[in-house]
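Reviewing the structure listed below.
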Amino acid sequence: MIDHPAPKSTWQRWKDSTAMKIIEWLPENQVSSGVRSPHFWIIVVIMAVLTLIYYAGHTPLAQIGSFFTDAFPHDLHRTLFLIPIIYASLTFRVRGVLSTSFLLLCVVLPRTFFSPYADPLVRPLLFVLFVAFLGALTARLIDRVEREEKARAELNIAHQELSTYVQQLKENQEQLIQAEKLTSLGQMAASIAHEINNPLAGVLIYTKLLAKKLAGDTLKKEEALDHLSKMESEVSRCSRIIRNLLDFARQTEPMLRPVDINQVIEQVLAMVGHQAELQNVEIVRELNPSVPKVMADFDQLQQVFTNLTLNAIQAMSKGGKLTLRTSVANGQVKVDVQDTGCGIPKENLSKLGTPFFTTKEKGKGVGLGVAVVYGIVERHKGKVTVQSEVGKGTTSTVCLGAYDDKQGQDTRG
Ligand code: ADP
10 MIDHPAPKST
20 WQRWKDSTAM
30 KIIEWLPENQ
40 VSSGVRSPHF
50 WIIVVIMAVL
60 TLIYYAGHTP
70 LAQIGSFFTD
80 AFPHDLHRTL
90 FLIPIIYASL
100 TFRVRGVLST
110 SFLLLCVVLP
120 RTFFSPYADP
130 LVRPLLFVLF
140 VAFLGALTAR
150 LIDRVEREEK
160 ARAELNIAHQ
170 ELSTYVQQLK
180 ENQEQLIQAE
190 KLTSLGQMAA
200 SIAHEINNPL
210 AGVLIYTKLL
220 AKKLAGDTLK
230 KEEALDHLSK
240 MESEVSRCSR
250 IIRNLLDFAR
260 QTEPMLRPVD
270 INQVIEQVLA
280 MVGHQAELQN
290 VEIVRELNPS
300 VPKVMADFDQ
310 LQQVFTNLTL
320 NAIQAMSKGG
330 KLTLRTSVAN
340 GQVKVDVQDT
350 GCGIPKENLS
360 KLGTPFFTTK
370 EKGKGVGLGV
380 AVVYGIVERH
390 KGKVTVQSEV
400 GKGTTSTVCL
410 GAYDDKQGQD
420 TRG
């Protein structure tokens, strides 16, 4: 497709015009001091020369004068006076026009003595009025153009200042985030040490116990199996913590490809279905089949919805309803994970996503699930929102940019 240039506005045409170039060549601001300005003297000289020409036929210079008088009738002579008037309007604006017009009046009036016409005053007077009006109009126009230009320049400066300010703000914000990250890192290190130390201490105790009983030959088979099973559970807890930590810390960019979000949900439900059944949780699918695909990493999305559904199921200890809903609005694919569980108190809502924030009893929660969700969705340029009411339930919504199949592009922000 040929790119047609945008039509020029009247202002743009005026700015590009030769007239404007001439105006720009003249002093940028109107000249305030009269006699000290060279423009004043240029005008005076032009006026003097034109007056000479105007009266040439009636002076001792009649010889030369007759040439002018024959070549131009005196009406045409008067037209030449437009030059100093317009010049004055450009340099001294209305003030200049009025003084030059007055000067012109003084020049043309004596001419009435030489005039052969019956009513010699009318024409010169009308002419002076006309040029004064024309000059004043030009002066006003230039004043306006100049004012607009000044406002534009001020706006540009303000815009530049604002851009610098926004840039500074961004830099400060980044520094703040960096500082916050360092603080979180410290807290995280302490939490990790604590989280891993407890199960390891358990494993150590059982190992010592086993060794002691083996040495004393007092170890029964059931007892040994029980100790080993406890050790296994503690070790798997450690492994779970480390796996979640790795997910949380993973900074690799997602492997993006068009993904059917309904398919992700189905796979997640196949995995968590058994746990839901055990906890008496009814699963409701409200999956819109016409929802567009999203550009995403399938495995990472699966992780997002596994974490959200597991949290939802765990929040419904006495059973309830887990609804998974997909929809599309404004180029965004929306997935709601809604439960009828215990809900999240207001004071805890802001802590969601903070590493190791958990309200679950020891051994059940690590506090990395939501943090992993936030991290993955952020890397997909999406958004997570959580709405919750204590005693009624929670809805976690994940929004991702829809992928346009036909155009081969996604609409993520
Ligand atoms: P964990 O599940 O290991 O506690 P998460 O980061 O997944 O870690 O969750 C953090 C906390 O957020 C949970 O302990 C719980 O208090 C709260 N939470 C998350 N999802 C829900 C939910 N659907 N209903 C109630 N509380 C929730």
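Residue numbers (the working numbering): 10 to 422. Idealized CB from N, CA, C, for every residue including glycine.
Do G350 and A380 have their beta-carbon atoms positioned less than 8 Å apart in this structure? Position 371 of the sequence shown, counted from the start, is the residue given in the question as residue 380. Position 341 of the sequence shown, counted from the start, is the residue given in the question as residue 350. Not in contact: A380 and G350 (Cβ atoms no closer than 8 Å).
Would you list the one or two residues that DSSP bridges to A321? On the sequence shown, position 312 is the one that residue 321 refers to. Per DSSP, A321 has no beta bridge partner at all.
Specify whether the region 271-291 and the region 351-370 touch according to this definition: at least 3 beta carbon pairs, one from each stretch, less than 8 Å apart. In short, these stretches do not touch, since the Cβ pair count stays below three.
Per DSSP, cross-strand counterpart(s) of M304: The sequence position of residue 304 within the sequence shown is 295, counting from 1. DSSP, once it has assigned bridges, lists P267 as partnering M304.
Reducing DSSP to helix, strand and coil, say where S4 ends up. With the chain covering 10 to 422 only, the question about residue 4 has no answer from this structure.
Run the CB neighbour count on E37, radius 10 Å, all protein chains shown included, and call it buried at 16 or more, exposed below. Position 28 of the sequence shown, counting from 1, holds the residue named residue 37. In this prediction, E37 scores a pLDDT of 44, lower than 50, which makes its location untrustworthy; the coordinate-derived value is nonetheless stated afterwards. So E37 counts as exposed.
Which residue's Cα is closest to the Cα of S245: A305, F122, R120, V212? Residue numbering aside, residue 245 sits at position 236 when the sequence shown is read from its first letter. Nearest option by C-alpha distance: V212.
Using the Cα positions of L171 and E158, report the straight-line distance between them to the nearest angstrom. Residue mapping note: residue 171 aligns to position 162 of the sequence shown, counting from 1. Residue mapping note: residue 158 aligns to position 149 of the sequence shown, counting from 1. When rounded, the distance between both Cα atoms is 20 Å.
Under the three-state reduction of DSSP, which class applies to Q347: helix, strand or coil? Reading the sequence shown from its first residue, position 338 is the one you call residue 347. In the three-state DSSP reduction, Q347 falls in the strand class (E or B).
Give the DSSP-derived three-state secondary structure of N38 in the structure shown. Mapped onto the sequence shown, residue 38 falls at position 29. Residue placement at N38 is flagged as unreliable, the pLDDT there being 46, under the threshold of 50; a coordinate-derived value is accordingly withheld.
With respect to the alpha helix (DSSP H) encompassing V386, which residues constitute its N-terminal and C-terminal limits? Against the sequence shown, residue 386 aligns to sequence position 377. Its alpha helix (DSSP H) spans residues 378-388.
Burial state of G410 (16 or more Cβ within 10 Å): In the sequence shown, counting from the first residue as 1, residue 410 sits at position 401. With 16 or more Cβ atoms within 10 Å of its Cβ, G410 is classed as buried.
To the nearest angstrom, report how far apart R421 and R252 are at their CA atoms. Here residue 421 corresponds to residue number 412 of the sequence shown, with the count starting at 1. Here residue 252 corresponds to residue number 243 of the sequence shown, with the count starting at 1. Since pLDDT at R421 reaches only 48, below the 50 mark, its modelled position is unreliable, and the value read off the structure follows with that caveat. Straight across, the Cα-Cα distance linking R421 with R252 is about 29 Å.
So R334 is in the beta strand (DSSP E); what residue range does that whole segment cover? Within the sequence shown, the letter at position 325 stands for residue 334. Note, R334: beta strand (DSSP E), 329-338.
In this structure, does DSSP put V342 in helix, strand or coil? Taking the first residue of the sequence shown as position 1, residue 342 is located at position 333. Correct three-state label for V342: strand.
Does the Cβ of N206 lie closer than 7 Å to at least one heavy atom of the ligand ADP? Taking the sequence shown and counting its residues from 1, the one referred to as residue 206 is at position 197. Incorrect: N206 has no Cβ contact closer than 7 Å to the ligand ADP.
Less than 8 Å between the CB atoms is what I'm expecting for L331 and T318, so what's the real figure, rounded? To locate residue 331, count along the sequence shown from 1; it is residue 322. To locate residue 318, count along the sequence shown from 1; it is residue 309. The pair is a contact, with the Cβ atoms about 7 Å apart (cut-off 8 Å).
Between I385 and the ligand ADP, is there a pair consisting of the residue's CB and a ligand heavy atom that are separated by less than 7 Å? For the purposes of this step, residue 385 is taken as residue 376 along the sequence shown, with counting starting at 1. Result no, Cβ not under 7 Å from the ligand ADP.
Can we count F366 as close to the ligand ADP, meaning its CB is less than 7 Å from some heavy atom? Working through the sequence shown from its first residue, we reach residue 366 at position 357. F366 has its CB nearer than 7 Å to a heavy atom of the ligand ADP.
Under a CB-based cut-off of 8 Å, is R252 close to chain E? This model lacks chain E altogether, as it is built from one protein chain only.
Regarding A285 and the ligand ADP, is the C-beta to nearest heavy atom distance less than 7 Å? One-based indexing of the sequence shown puts residue 285 at position 276. A285: no, Cβ never under 7 Å from the ligand ADP.
Cβ separation of P354 and V313, assumed to be a contact under 8 Å, to the nearest whole Å: What you label residue 354 is simply residue 345 of the sequence shown in a count that begins at 1. What you label residue 313 is simply residue 304 of the sequence shown in a count that begins at 1. Incorrect: roughly 24 Å between the Cβ atoms, too far for contact.
Would you mind sorting M264 into buried or exposed? The rule is 16 or more other CB atoms within 10 Å of its CB. Indexing the sequence shown from 1 puts residue 264 at position 255. By the neighbour-count criterion, in which a residue is buried when 16 or more other Cβ atoms sit within 10 angstroms of its Cβ, M264 is exposed.
Beta-carbon separation of I92 and T109 under 8 Å? Within the sequence shown, the letter at position 83 stands for residue 92. Within the sequence shown, the letter at position 100 stands for residue 109. No, these two residues do not count as a Cβ contact at 8 Å.
Taking the continuous beta strand (DSSP E) assigned at I353, which residues delimit it? As a position in the sequence shown, residue 353 is number 344, starting the count at 1. Run containing I353: none; DSSP gives neither H nor E here.
Distance between L150 and V116 (C-alpha atoms, nearest Å): Within the sequence shown, numbered from 1, the residue matching residue 116 stands at position 107. Within the sequence shown, numbered from 1, the residue matching residue 150 stands at position 141. Cα to Cα, the separation comes out at about 27 Å.
For a test of the three-state rule: what should DSSP assign to T394, helix, strand or coil? Numbered from 1 along the sequence shown, position 385 holds the residue referred to as residue 394. In this structure, T394 counts as strand in the three-state DSSP scheme.
Is any heavy atom of the ligand ADP found at a distance shorter than 7 Å from the C-beta of C351? Counted from its first residue, the sequence shown places residue 351 at position 342. Answer for C351: yes, Cβ within range of the ligand ADP.
Short of 7 Å in beta carbon distance, which residues of its chain neighbour Y215, apart from the five on each side in sequence? Order them along the chain. Residue mapping note: residue 215 aligns to position 206 of the sequence shown, counting from 1. Taken in chain order, the residues that qualify are H236, K239, M240.
Just the C-alpha distance for P47 and R102, rounded to the nearest angstrom, thanks. Within the sequence shown, residue 47 is the residue found at index 38, counting from 1. Within the sequence shown, residue 102 is the residue found at index 93, counting from 1. Cα to Cα, P47 sits roughly 15 Å from R102.
For the region 114-197, list the alpha helix (DSSP H) runs that are entirely contained and at least 4 residues long, ordered along the chain. For the region 114-197, whole alpha helix (DSSP H) runs of length 4 or above, ordered along the chain, are 120-123.
DSSP three-state label for S405, please. Locating residue 405 in the sequence shown gives position 396, where the first residue counts as 1. For S405, the secondary structure class from DSSP, reduced to helix, strand or coil, is strand.
So what's R45 in DSSP terms, helix, strand or just coil? Stepping through the sequence shown from its first residue, residue 45 is reached at position 36. Note: R45 maps to coil in three-state DSSP.
I8 to L113 span [Cα, whole Å]: Any answer about residue 8 is impossible in this case: the structure gives the chain only from 10 up to 422.
Which whole-angstrom value describes the C-beta separation of T335 and V344, a residue pair presumed to lie in contact below a C-beta threshold of 8 Å? By 1-based counting over the sequence shown, the position of residue 335 is 326. By 1-based counting over the sequence shown, the position of residue 344 is 335. Rounded, the Cβ-Cβ distance is 5 Å, consistent with contact.
Short Cβ contact (8 Å threshold) for S397 with T406: On the sequence shown, position 388 is the one that residue 397 refers to. On the sequence shown, position 397 is the one that residue 406 refers to. Contact: no.
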